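Remember, this note's numbering sits 23 above the position in the sequence shown when you count from 1.
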Amino acid sequence: MSKILGKYKILKDLGRDSLGNECFKVSAGLKEWGEFVLTKVARTESNEHFSFTAQSLSTLSHKNLLHFKVEEDTEYFYFLRHLREDIDEFSYRAFCDEISSDDCNESGDFADELANSERKDDEEGEGYGGSSLDYVRLFECALQILDALKYIHTKGFYHGNLNPSNILLDGNNRMFLLDFGRSYFYAPLVGSTDSKALKAGLESSARFYAPEQLGFLGALDSGAADSRAGKESDIFSFGLCMLKLLLDAWEYDDLDSYTKPQDLDSIFESILSKYELDSVEKELLSLVKQCCAFLPEKRSKLHDLERELRHLYDSVVPKNVYELRCQNDKTLAVYADKNDLDSSDMESIKKHIQERIRGHRAYARQFEEKNKKSREPESKLEFAINDLVFICSAVKNSDSYLWVLDVRENESTRIEKIISEGVELVHWFSFTVKGWHNRHSQASNIGKLKRELDQRFKQAEFERERKEIDKIAIVSEEELLKAEKRDIDEKKQTKLFQYIGVKTGADELTFKDSSSAKSSDETADKEAQDSTQDLSKESKQEQTQDQAKAFKPKEDVIIQESSQKDNLHAENIKGVVKHYNPATKELTIKLKEKYGTLGRKEGEANALDKKKTYAISYDYQVREILWSKRNKALEDLQEGRTQIPNLLRKINAPIELKENKLRDIESYFNKSLDENQQEAVRKALSLKSDCEILLIQGPPGTGKTTTITEIVKQYQKLHKHYKILITSQSNQAVDNVLEKIATSEKNPKGDDKLFRIGNEENITSEIAKSYTPQKVIDKILKENLERIKNNPIKDSNPNIQEELKSLQEDFKKRLQTLSSVIEEKSQSKKGDKKSKEQEVYELFTKDIRLFFGTLLGISSWKSFRDVEFDVAIVDEAGRATPSELLVPCIKARRIILVGDHRQLAPVVDDDVVMQLGKGSKHGKKKHPSAEFNATKKDVTTSLFERLFGRIEGAIEQGNAYQYDYLYNFKHMLTYNYRAHKSICDLYSKAFYEGKLQTKEEISAQKMHNVKVFKANAVWLDTSKRSDKEDTQKGTGKINHCNASVILNTLKVLKEKILESQSISDIGIITPYKAQAALLNSRLKNLIDEYKNSNIRIDIGTVDSFQGSDRDMIIYDCVRSSKVKNTKEAQQQRKGSKIDFIADEKRLNVSLSRAKKLLLIVGDKDYLKMASVSEGENPFAQIIVQFEEDTDTYQIQML
24 MSKILGKYKI LKDLGRDSLG NECFKVSAGL KEWGEFVLTK VARTESNEHF
74 SFTAQSLSTL SHKNLLHFKV EEDTEYFYFL RHLREDIDEF SYRAFCDEIS
124 SDDCNESGDF ADELANSERK DDEEGEGYGG SSLDYVRLFE CALQILDALK
174 YIHTKGFYHG NLNPSNILLD GNNRMFLLDF GRSYFYAPLV GSTDSKALKA
224 GLESSARFYA PEQLGFLGAL DSGAADSRAG KESDIFSFGL CMLKLLLDAW
274 EYDDLDSYTK PQDLDSIFES ILSKYELDSV EKELLSLVKQ CCAFLPEKRS
324 KLHDLERELR HLYDSVVPKN VYELRCQNDK TLAVYADKND LDSSDMESIK
374 KHIQERIRGH RAYARQFEEK NKKSREPESK LEFAINDLVF ICSAVKNSDS
424 YLWVLDVREN ESTRIEKIIS EGVELVHWFS FTVKGWHNRH SQASNIGKLK
474 RELDQRFKQA EFERERKEID KIAIVSEEEL LKAEKRDIDE KKQTKLFQYI
524 GVKTGADELT FKDSSSAKSS DETADKEAQD STQDLSKESK QEQTQDQAKA
574 FKPKEDVIIQ ESSQKDNLHA ENIKGVVKHY NPATKELTIK LKEKYGTLGR
624 KEGEANALDK KKTYAISYDY QVREILWSKR NKALEDLQEG RTQIPNLLRK
674 INAPIELKEN KLRDIESYFN KSLDENQQEA VRKALSLKSD CEILLIQGPP
724 GTGKTTTITE IVKQYQKLHK HYKILITSQS NQAVDNVLEK IATSEKNPKG
774 DDKLFRIGNE ENITSEIAKS YTPQKVIDKI LKENLERIKN NPIKDSNPNI
824 QEELKSLQED FKKRLQTLSS VIEEKSQSKK GDKKSKEQEV YELFTKDIRL
874 FFGTLLGISS WKSFRDVEFD VAIVDEAGRA TPSELLVPCI KARRIILVGD
924 HRQLAPVVDD DVVMQLGKGS KHGKKKHPSA EFNATKKDVT TSLFERLFGR
974 IEGAIEQGNA YQYDYLYNFK HMLTYNYRAH KSICDLYSKA FYEGKLQTKE
1024 EISAQKMHNV KVFKANAVWL DTSKRSDKED TQKGTGKINH CNASVILNTL
1074 KVLKEKILES QSISDIGIIT PYKAQAALLN SRLKNLIDEY KNSNIRIDIG
1124 TVDSFQGSDR DMIIYDCVRS SKVKNTKEAQ QQRKGSKIDF IADEKRLNVS
1174 LSRAKKLLLI VGDKDYLKMA SVSEGENPFA QIIVQFEEDT DTYQIQML
């Protein structure tokens, strides 16, 4: 075996460890990942929890941590420990002082004077002055260790194995803590006998264990490690590591006498009696002693330890001293007056200010301000030190001092701005005034500070610009959300209607408008009036018109008696607008339930009264809730509140993703996967920290669902405790994957731990409906109740037996009432104390590993707020807006987006598009995108498309294959399994650069056998017909000629289709809703005839066919005109245009729905020469294929 888990190459067999486990030296492929010692541990029932522990630990990431990694498969756990032979261990040799005394402080006598005022260091002899340790580097590194420990502890963990061999230092003074997590796995493996050995010998790393880890607290007699081992244990081990380093540096040889923690007291006494320590060494030894206290509660707290160590660091770090000189008499006089000083006594003013800034950190910020005389912009510097701000010229400064223009005090807002927007300085500052002269050697050369500030300001500006670019990258989504909010707010209207009648069979009510629009919210109306006081008359008129908009089809509405419209508890009817006739002002509403009365079910009293007036309002609540979730997700992305660190930057600049190595997969669950699909699965399984995003482009019929299913199963195999989310915009796509997972060979009885989240009415599959949380819990409860019934607990002692029986009965009762807790849980508020039943509910549901739901539907699950996903797989990602994607994806540690940006884009309502750009000019807060005006194209371009393009762009722009590794983060499925090769080649060449491939056996399965046609793709050409032209119908188009052709063709083909026995369903796709309505009317009887022969015919626009296919597709082009463009007119984008039907994404979907037979009905000559406003006319290329490849394609002139 050359590789373990398909990615760890074996370099050397290291034999077996003391517990008999096989050990290997391995590499992970990339040089920067280094080498590891890998230990194989067989899975048993007693260590099965390792999987969950490993999953929990893997979520932690810190720049100073090198994890003790744990991988797994079905037979083994694999422990991996970093081998870093290229960097030093935490020993005194790593901190030998190589800095000469001349370099320690270049500030001269004045710096010494300030230093002495900060730190009295009168001790002489063998101490700080004579030590060989570089304390600056030592404290810098120690603070890094504490920062890593603080991070671990705040996440609820501890290291548990700190020792010098596990603390490494590289050449850049960066510390690494190795083996984080090791103690969580080896403690259970080692057992109690090892604890005795540790106490007796204190060998190797165990020498640095805390007393509680060695069993010296409470459990000493039992020989087992004490259960109190935890965060305080790390403090003890850190202190002992520091003590060893100090003693080695001082050549103290009495540490050999350390056999147990109690020996430390005598060691500390010996050090104090043997050495004269300076103040720094005394304080450091005191800190070490506090860390090494025997009892955990007596040890230093981490935050106190960090504070004290930072104080020590500040006392030893070499500091430059820079002079702030003020020669402005007015400034000094103002300061003196405010502080009751004599304005003529410059010395007292100087000393007063010096005392206020002594010992305080300084922060600097650069800004521009107009010169009062020239009115030209002038660059200035401001320094915040304690509660003072010194405003200095950025250009007048000499080599010796900073030219102070003004001194401000107690301006907290300004100081906060300097701290937040500026840079922190590790320097001292002296304040001098006019007439106070000092030698040039008494202050550091100001040029060094200017160079440092220039570099740091540029870096800070670079970081700010990056953040602004990141914000602008999602500004179109911000604009979309603002437009949606304005649309929702404008529709918060109530209109009064008179009831006319009911169409009982269709559950439809008809009303007549009897009033103008009235606000349903008086407060909101007043706020709107207040906010528009400064609007122009024209803007006010526009707003009034918008408020009075009529209800639109498919809008949700609420019907109430007008007298009850302000009563929140009044009964109401909910429905959906079917039609509004502006001429008659009649509104038709389709009821959501069968109501015969207002607020009462059919058959009850008090029916709707034609004499009464009813208030009808837009039902905006659900839409507003979903908007809030999307808006919150976008804010979380901007603020970095995401499971993937720096997610916004990675989305905006994919080069931030780190190179990874694709893992090998030994076997696939689906043996029919092609090599291209297998590569996609490998890429998905290779995601890890810093390389967490994968885009899989799935052109029509290339097996997206099959690939997703394999990815899920592989993750289940390799990471049993991973929480995996499978989501999409559509319920159908979600349920397709769920069915494949739930009914697979791996899960023949449907026993997988999975939830289908969402409204059961919207779930498309009966199998999926059996996995709603309620039904899964009911199944678990039933199984456990049966288990209790069949396995009563027994004991020979009657008293114990009675107690056991009581406990078992109590548990049984809790299980029986648990079903109702699901509802109770959904109503409980954050912070409410959990009931016992709720705790049992969480106990049963915490092992759910697969979650299925739509992008926004998944958020309706009441536990969604608290869950984090290890992997989120989004199907149809190209159809979702960024904020829709983000709702679940910000909660995931790995994101796999599966979609196709060459198919349908996100859908944005026309009312929302109309709102784009409105109101932005009245905003008070300046936005980085103030000049940006989002268009419909901007807001309907998916995140999938943008990110895919950014990855491709980075690869193309990289020098010498610099970013070729980014190929691992995008993938295109290329084998067609849906359509006959000739059909596939049409859309492959037009929309996918001809990359799609079809195997011969697939084409053989896709023969239509309809003897009328010799090809699988046929163009029914209406070019020569006199009645070929389209006509306007409302906002759309209709074509009676095409409708007749389709009707007659289906009549003629019926017998031949039945004879073929290969066509079971037919789809008729048209770009226009009006044409779809015409076809439904003309073909109504024929559709019934086909239905009687078990052949289904569906008619609709392309949107209704996305994600589905048919044996036979008829595509009705609709557009035709007797006026044909010239080639010149087409090139100049003049003449007759077909922009709507020439949308590549919509045309691609239309043509790619056919499996066996594709019929295109249209005016070939007109469509070939028609113009488009941008890009190329896709019909031209498709028609050329038909005309040139007559062996493959057929044109039938009508």
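Virtual Cβ for every residue (Gly too), placed ideally from N, Cα, C.
Remember, it's a predicted structure, so these values are computed and weren't measured experimentally.
Report the three-state DSSP secondary structure of residue i (helix, strand or coil).
| i | result |
| --- | --- |
| M1192 | helix |
| Y281 | coil |
| K852 | For K852, the predicted model reports a pLDDT of 46, less than 50, meaning its position is unreliable and no value from the coordinates is stated. |
| K1034 | coil |
| F259 | helix |
| E1151 | helix |
| E378 | helix |
| Q980 | helix |
| F1209 | helix |
| G1130 | coil |
| R39 | strand |
| Q1204 | helix |
| T82 | coil |
Take residue i as the anchor and find which of the options has the nearest alpha-carbon.
| i | options | result |
| --- | --- | --- |
| K869 | F875, V449, E783, L777 | L777 |
| P929 | G940, D961, L939 | D961 |
| L761 | S793, K515, R205, H744 | S793 |
| I790 | F534, V757, S1175, E682 | V757 |
| F1223 | R686, S767, D923 | Residue 1223 cannot be examined here, being either before or after the span of the chain that is shown, 24 to 1221. |
| T964 | S886, H1003, P905 | P905 |
| K32 | D40, Q236, E58 | E58 |
| A1203 | L1009, V645, I442 | L1009 |
| I1164 | S1173, N699, K1157, N604 | S1173 |
| E163 | I800, P341, K634, A1040 | P341 |
Under the assumption that residue i contacts residue j (Cβ atoms under 8 Å), give the Cβ distance between them as a whole number of angstroms.
| i | j | result |
| --- | --- | --- |
| G726 | L996 | 6 Å |
| T97 | K740 | 6 Å |
| L1106 | I1122 | 7 Å |
| V600 | D642 | Wrong, their Cβ atoms sit about 10 Å apart, outside the cutoff. |
| V1184 | D1139 | 5 Å |
| L878 | I747 | Wrong, their Cβ atoms sit about 15 Å apart, outside the cutoff. |
| K1056 | R1142 | In fact, because the Cβ distance is near 13 Å, the residues do not count as touching under 8 Å. |
| T750 | I881 | 6 Å |
| D659 | I1069 | Their Cβ separation, rounded to whole angstroms, is 50 Å, which puts D659 and I1069 out of contact at 8 Å. |
| A51 | K30 | 6 Å |
| L1133 | K1178 | Checking the sequence, you will find Arg at residue 1133 rather than Leu. So it is a contact: roughly 7 Å between Cβ atoms. |
Where DSSP assigns a beta bridge to residue i, which residues make up the other side?
| i | result |
| --- | --- |
| R388 | E405 |
| A895 | L748, I918 |
| T533 | G524, T611 |
| W884 | Its beta-bridge partners do not exist; DSSP assigns none. |
| I1086 | In DSSP, I1086 forms no bridge with anything. |
Can you have a look at residue i and say buried or exposed, based on whether 16 or more other CB atoms are within 10 angstroms of its CB?
| i | result |
| --- | --- |
| N1148 | buried |
| H326 | exposed |
| G382 | exposed |
| T177 | exposed |
| T607 | exposed |
| H72 | exposed |
| Q1028 | exposed |
| G470 | exposed |
| I1156 | A small fix is needed here, since residue 1156 is Arg in this sequence, not Ile. Exposed, because fewer than 16 other Cβ atoms sit within 10 Å of the Cβ of R1156. |
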